[in-house]
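Novice:
Number of protein chains: 2
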Amino acid sequence: MKKNIETELVGVKEIARRAEVAIATVDRVLNNRKGVSAKTKEKILGIIKELDYKPNIMARRLASNKTLKFAVLIPKVSEETDYWKAPLEGVKNAASEIKDYGIIVDIYFFDQNNKLTFSTEAVKILEKDYQGVILAPMFEEESISFIQKCYIKNIPYVFINSDIDEQNSLCYIGPNLYQSGYLAGHLISYLISEKQKILLVNISKEIDPHHHLLRKEEGFRAYFNVNHKENDLIKIDIKETDYLSVKQKIAEVLTQTSIDIIFVTNSRVSSVARYLEETGQSHIKLIGYDFLEENINYLKKNVIDFLICQKPQEQGYKGIMALYNFLVNSSAVDKQNYMPIDIITKENYKFYKN
Amino acid sequence: MKKNIETELVGVKEIARRAEVAIATVDRVLNNRKGVSAKTKEKILGIIKELDYKPNIMARRLASNKTLKFAVLIPKVSEETDYWKAPLEGVKNAASEIKDYGIIVDIYFFDQNNKLTFSTEAVKILEKDYQGVILAPMFEEESISFIQKCYIKNIPYVFINSDIDEQNSLCYIGPNLYQSGYLAGHLISYLISEKQKILLVNISKEIDPHHHLLRKEEGFRAYFNVNHKENDLIKIDIKETDYLSVKQKIAEVLTQTSIDIIFVTNSRVSSVARYLEETGQSHIKLIGYDFLEENINYLKKNVIDFLICQKPQEQGYKGIMALYNFLVNSSAVDKQNYMPIDIITKENYKFYKN
DNA sequence: CTGAAAGCGCTTACAG
DNA sequence: CTGAAAGCGCTTACAG
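Sequences listed follow chains S and W, in order. Quick note: UniProt numbering has the first sequence finishing at residue 354, numbered continuously throughout. Quick note: UniProt numbering has the second sequence finishing at residue 354, numbered continuously throughout.
1) Beta-carbon within less than 6 Å of S:TYR338's beta-carbon, same chain only, minus the 5 sequence neighbours each way: which residues are those?
2) Nearest by alpha-carbon distance to S:TYR178: which of S:LEU213, S:GLU206, S:CYS150 and S:ILE203 is it?
3) Taking Cβ positions, are W:LYS318 and W:ILE125 nearer each other than 8 Å?
4) Report the option in W:PHE224, W:GLN336, W:PHE159 and W:GLY132 whose CA atom is closest to the CA atom of W:ILE144.
5) Which residue's Cα is closest to the Cα of W:LYS311: W:ILE203, W:VAL29 and W:ALA86?
6) In whole angstroms, what is the alpha-carbon distance linking S:PHE306 and S:PRO340?
7) Please name the residue, chosen from W:GLU166, W:MET138, W:TYR108 and W:THR67, that lies closest to W:GLN336 on a Cα-to-Cα basis.
8) Please report the residue range of the beta strand (DSSP E) in which S:PHE159 lies.
9) Quick one: is S:MET321 near chain W, going by C-beta distance under 8 Å?
10) Whose CA, out of W:LYS350, W:VAL29 and W:HIS283, lies closest to the CA of W:ILE296?
11) For a quick check, are the C-beta atoms of S:VAL26 and S:VAL10 less than 8 Å apart?
12) May I ask you to report which of helix, strand or coil DSSP gives S:ASP106?
13) Does any residue of chain S have a CB that is nearer than 8 Å to the CB of W:PHE351?
14) Taking all protein chains shown into account, decide if W:THR7 is buried (16 or more other Cβ within 10 angstroms of its Cβ) or exposed.
15) Please name the residue, chosen from S:ALA273, S:ALA95 and S:THR40, that lies closest to S:ASN325 on a Cα-to-Cα basis.
16) Using a Cβ-Cβ cutoff of 7 Å, what residues of the UniProt domain "HTH lacI-type" (10–64) of chain S are near chain W? List them in chain order.
17) With a threshold of 8 Å between beta carbons, is residue 359 of chain S in contact with chain W?
18) Over what stretch of residues does the alpha helix (DSSP H) that includes S:ASP52 continue unbroken?
19) In the DSSP assignment, the alpha helix (DSSP H) including W:ASN225 goes from what residue to what residue?
20) Enumerate in chain order the residues of its own chain whose CB-to-CB distance from S:TYR182 is below 8 Å, with the five nearest sequence positions on each side excluded.
21) Please list the partners that S:TYR338 has in chain W, where partner means a Cβ-to-Cβ separation under 9 Å.
22) Under 8 Å, with one C-beta from each stretch per pair, do the region 46–59 of chain W and the region 70–85 of chain W reach the 3-pair mark?
23) Of all the alpha helix (DSSP H) runs that stay within the bounds of the region 74–103 of chain W, which reach a length of 4 or more residues?
24) Suppose you measure from the CA of S:GLU62 to the CA of W:VAL269; what does that come to, to the nearest Å?
25) Say whether chain S places a C-beta atom closer than 8 Å to the C-beta of W:ASN348.
26) In or out: W:GLY90 buried (at least 16 other Cβ within 10 Å) or exposed?
27) Pick from W:LEU135, W:ASP106 and W:GLY102: whose alpha carbon is nearest that of residue 420 of chain W?
28) Using a C-beta to C-beta distance shorter than 7 Å, which residues of chain S count as neighbours of W:ASP100?
29) Interface residues of chain W around S:LEU183 at Cβ under 7 Å?
30) Among residues of its own chain, excluding the 5 on either side of W:ASP111, which ones have a beta-carbon nearer than 6 Å to its beta-carbon?
31) Buried or exposed, going by whether 16 or more other CB atoms sit within 10 Å of the CB of W:GLN315?
32) Using only alpha-carbon positions, find the residue among S:ILE287, S:LEU45 and S:ASP129 that is nearest to S:LEU191.
33) Alpha carbon to alpha carbon, how far is S:ASN154 from S:VAL36?
34) Would you say W:ILE341 faces chain S, with C-beta separation under 8 Å as the test?
35) When you compare the CB of S:HIS210 with every CB in chain W, is at least one pair closer than 8 Å?
36) Quick check: what's the CA-CA separation for W:LEU323 versus S:PHE263?
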C-alpha cells in the first residue's frame, strides 16, 4: 500500500478535486456519457485539457471488465493450396496478443470451392452475439447479403485479402489486386521479347464476374495496354482445381500454341509448375503467387521464376487489430491498408517473412 | 460494483481459497518470492497447474505500479545519410505503444563519424539508472567497454543494426550482414558477364578492422569464390564522406580502369549515383543499400539498379520490444533476429514498407 | 513463514 | 444531474 508520492501525477481523482465534483462525474465526461450539466462538463473538459490528461488504459480495461467477441470468416485450408494457413496464423497471433484485454476471437471456415458454405457460416455468426467481424469477401453476392445484416445490427466488419467497394466496411486490409497484376505485367515484360506469347491462367472453382482474381487480370492487361506492348495474350479459366484438370487444360493450350510465359493469378501456380516439370517444359517461364512450400520448391528448381507475395499473415493480424483499435481504443482506422508487393526469387526467399 | 458472476473464473482469490492460505501467499508463489514453506508452495503450485491459471497482466501492471526506463544509443541522422531516421522512428513507435505500461524510453545520439561521441553518450547512460539498453554497436572497442559496464550492473542490452559476437547481449536485431553481401554478389552476377569488372566501395569515416561494413564485403567476396566467378574486383575505402571526396575517389578509379558495375556497401550509394549521373556514366550499373528518398530518386531514374533494404524501422521497434518482453513479460527472446533481405527496384518501391 | 488490508486508476450500479 | 462506495485482479508494506 505504497502511496502515490508524485502527487502531481494526474488521474481522475485529481481532476475531480480540481473541478470540485465526484470522480463519477469526471468519468461521465471522459467517456462522453450523458447526465452532466453543460457547465460542469465544460469545467471538467477545461481541466482535462489544461492537465493534458491521458486515461490509464490498463486501469480502464481492468475496471470495465468487459469482454468483446470477434468472429472471423475465412476459407479453410484447401487441398489445392494452403494459402489460408497464413492469414489464419496471423489471426491467431493477434488473438493471443489481445486475449488479456478481454477479446475473444472465434474463427469460422468456409470452403472456397463452395459458395453455400460461406452463407451457412455467415448465418452461424449472425446467430451469436459478436461485436466485430473480419471476413474474406470472396463471393460478392453472399458477402453483401451477410454484411448488410451486420450493418443493421451495427456490427463493424473488416475485409481482408480482397475488397468490395462501397460497402461501409470499417476497412480493407490486403493487396491492391489491380496493382499486383500490373506489377506482374511489368515483371513479365522483362522476361520476354516483343513477339512472345503469354498465357494467363485463373484457377478457381468459383469465378463469377466479380471474382477478385479478375482484378489482377485487369491490372495485368492494363500494363500491356498502357505500355503499348503487342504481345499475344491468351487467357483461360480453369474451374476444376484438381491437378489432372489443370494438367489437361494447360496441355490443350500448349499443344495448340507456342507459349513463352505463363502467369497464374493465384497460389495454384504449383499445379502448372508440376505439369511443366513433368513434361520437361520448364524453359517456359512461370510467374505466380504466394510463399507456399510447394511453390518455393519449384522456385528453387527454377521452374517458377518469380512469386509475388503480399504478406498473408499480416492481413489476418491487422484485421483483428483494426477491429480492436477501433472498438477498444476508439482510434481512427485507415480505410485502405494495402500490403507491399514483394517479389520472391530463388535468391531471397530464405529471409522472407510471410 | 458488478460482481463477478462467473465464479469459475480463476484468480488469486480463488487459488487462495482452495489452498486455504492468504492471497499474499499465493502472490509470493506466483512471483517466485521467498518466504513460503515448501509444503505450502507445492500445494499452491499444484492448484495453479490444475486450474491452468494465467495471471491478469493488466492487473499486475496496474498494481505493481512501477516504471522501467530504457536507454537507446544510436547514431544521429547525419548530413550524408538519413538512414538512422528509420530506426529512430521504430523506437518511437514502440515507445509510445508501451508508454501506458510504465515504460520510459530515453534516446541518446552519437556521431557515427566520431567514436568519441559514442563513449561520451555511453557514460551519460551509465550515470543514470536504466533497466535496459538498446544500442547500435558500431564501434567495437567502445561498445564492448560500454556493455561490460552494463553487464556488471546487470542491465540487459540489445544490439541493433550490427552485431558483436559473444558479448552476452540479450539479442541481436538486424541484418545478417554477411548474407546481405552474399545476396548482392548474386544479384550482380545476373547483371554482368564473365569478364566484367566490379568496383566495391565502402564509404565511412570510421573503418576499423571490425567495422560492420566489412562483413558485407566478406559475404560479397564469398559469393564469387564459392561460385567460381572470375570477375575482377577492385575495392576502395572512402573515409571522407562528403560528396567532393567521394567524387574524387571514384573518378580516380574510373579513369584508370574500365568498371562495369559498382557496389556500395551502405546507404551512401547516392553520392556515387550523383557522380555517375553528373558525368553521364549511368550505364555503369549500381547497387547499394537502403530506402532513402535520395536513393529512390536515383532508382526511378535508372541510375541505381537495385537497393537492398533491411527494415531499419522494424529494427528499432523490435529492439525496444525485445527488452520489454524480456523484462516485463519475462518471455523468452530470440538470440538472433535477422531482418529479411528486400530487393527494391523501380517497380516495387511504391509499396515498400521501410 | 503467513495474513489482513490498502492501494493501483479507473468503471459501475445504486441512491438521491 | 451528482456523489459515495464497491469492485476489477493483482501487489505492497506492515504486523505478527
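Glycine included, every Cβ here is placed at the ideal spot set by N, Cα and C.
Specialist: Checking against the coordinates, here is how it stands:
1) For the purposes of this step, residue 338 of chain S is taken as residue 338 along the first sequence, with counting starting at 1. Contacts found: ASN176.
2) To locate residue 178 of chain S, count along the first sequence from 1; it is residue 178. For S:TYR178, the nearest C-alpha among the options comes from S:LEU213.
3) Locating residue 318 of chain W in the second sequence gives position 318, counting from the first residue. Locating residue 125 of chain W in the second sequence gives position 125, counting from the first residue. The answer is no: Cβ separation not under 8 Å.
4) Taking the first residue of the second sequence as 1, we reach residue 144 of chain W at position 144. Measuring from the Cα of W:ILE144, the nearest candidate turns out to be W:PHE159.
5) Translated into positions along the second sequence, residue 311 of chain W becomes position 311. Of the listed residues, the one whose Cα sits closest to W:LYS311 is W:ALA86.
6) Here residue 306 of chain S refers to the residue found at position 306 of the first sequence. Here residue 340 of chain S refers to the residue found at position 340 of the first sequence. Going by the C-alpha atoms only, they are around 15 Å apart.
7) Residue 336 of chain W sits at position 336 when you count from the first residue of the second sequence. For W:GLN336, the closest alpha carbon among the candidates W:GLU166, W:MET138, W:TYR108 and W:THR67 is that of W:GLU166.
8) Position 159 of the first sequence, counting from 1, holds the residue named residue 159 of chain S. That run of the beta strand (DSSP E) goes 157–160.
9) Along the first sequence, one-based indexing puts residue 321 of chain S at 321. So no, S:MET321 is outside the interface.
10) Reading the second sequence from its first residue, position 296 is the one you call residue 296 of chain W. For W:ILE296, the nearest C-alpha among the options comes from W:LYS350.
11) For this step, residue 26 of chain S is matched to residue 26 along the first sequence. For this step, residue 10 of chain S is matched to residue 10 along the first sequence. Cβ distance not < 8 Å, so S:VAL26 and S:VAL10 don't count as in contact.
12) As a first step, residue 106 of chain S must be located in the first sequence, where it is residue number 106. Of the three classes helix, strand and coil, the one that applies to S:ASP106 here is strand, per DSSP.
13) Stepping through the second sequence from its first residue, residue 351 of chain W is reached at position 351. Yes, its Cβ sits closer than 8 Å to a Cβ of chain S.
14) Here the question's residue 7 of chain W lines up with position 7 in the second sequence. For W:THR7, the predicted model reports a pLDDT of 40, less than 50, meaning its position is unreliable and no value from the coordinates is stated.
15) What you label residue 325 of chain S is simply residue 325 of the first sequence in a count that begins at 1. Per the Cα distances, S:ALA95.
16) Listed by position along the chain: ASN56, ILE57, MET58, ALA59, ARG61 and LEU62.
17) Since the first residue of chain S shown is 1 and the last is 354, residue 359 of chain S is not available in this structure.
18) The sequence position of residue 52 of chain S within the first sequence is 52, counting from 1. Careful: S:ASP52 lies outside any alpha helix (DSSP H) and carries neither H nor E.
19) The sequence position of residue 225 of chain W within the second sequence is 225, counting from 1. It spans 213–226 - the alpha helix (DSSP H) in which W:ASN225 sits, taken as one unbroken run.
20) Mapped onto the first sequence, residue 182 of chain S falls at position 182. Around S:TYR182: GLY219, PHE220, ALA222 and TYR223.
21) For this step, residue 338 of chain S is matched to residue 338 along the first sequence. Going along chain W in sequence order, the residues near S:TYR338 (Cβ under 9 Å) are PHE351.
22) no
23) 85–98
24) If you number the first sequence from 1, residue 62 of chain S lands on position 62. If you number the second sequence from 1, residue 269 of chain W lands on position 269. Inspection of the sequence shows that residue 62 of chain S is occupied by Leu rather than by Glu. Approximately 51 Å between the Cα atoms of the pair.
25) Position 348 of the second sequence, counting from 1, holds the residue named residue 348 of chain W. By this cut-off, W:ASN348 is an interface position.
26) As a first step, residue 90 of chain W must be located in the second sequence, where it is residue number 90. Buried: at least 16 other Cβ atoms inside 10 Å.
27) Since the displayed chain W opens at 1 and closes at 354, residue 420 of chain W lies outside it and no answer follows.
28) Within the second sequence, residue 100 of chain W is the residue found at index 100, counting from 1. In chain order: ASN56, ILE57 and MET58.
29) Residue numbering aside, residue 183 of chain S sits at position 183 when the first sequence is read from its first letter. By Cβ distance, chain W contributes GLU347 and ASN348.
30) As a working mapping, residue 111 of chain W is identified with position 111 in the second sequence. Around W:ASP111: THR117.
31) Along the second sequence, one-based indexing puts residue 315 of chain W at 315. W:GLN315 comes out buried.
32) Here residue 191 of chain S refers to the residue found at position 191 when the first sequence is read from its first residue. Ranking the options by Cα distance to S:LEU191, first place goes to S:ILE287.
33) Position 154 of the first sequence holds residue 154 of chain S. Position 36 of the first sequence holds residue 36 of chain S. Taking the straight line joining both Cα atoms gives about 26 Å.
34) By 1-based counting over the second sequence, the position of residue 341 of chain W is 341. Yes, contact with chain S.
35) As a first step, residue 210 of chain S is located in the first sequence; it is residue number 210 there, counting from the start. Answer no: the Cβ-Cβ gap between S:HIS210 and chain W never drops below 8 Å.
36) On the second sequence, residue 323 of chain W is found 323 positions in, with the first residue counted as 1. On the first sequence, residue 263 of chain S is found 263 positions in, with the first residue counted as 1. Answer to the nearest angstrom: the Cα atoms are 45 Å apart.
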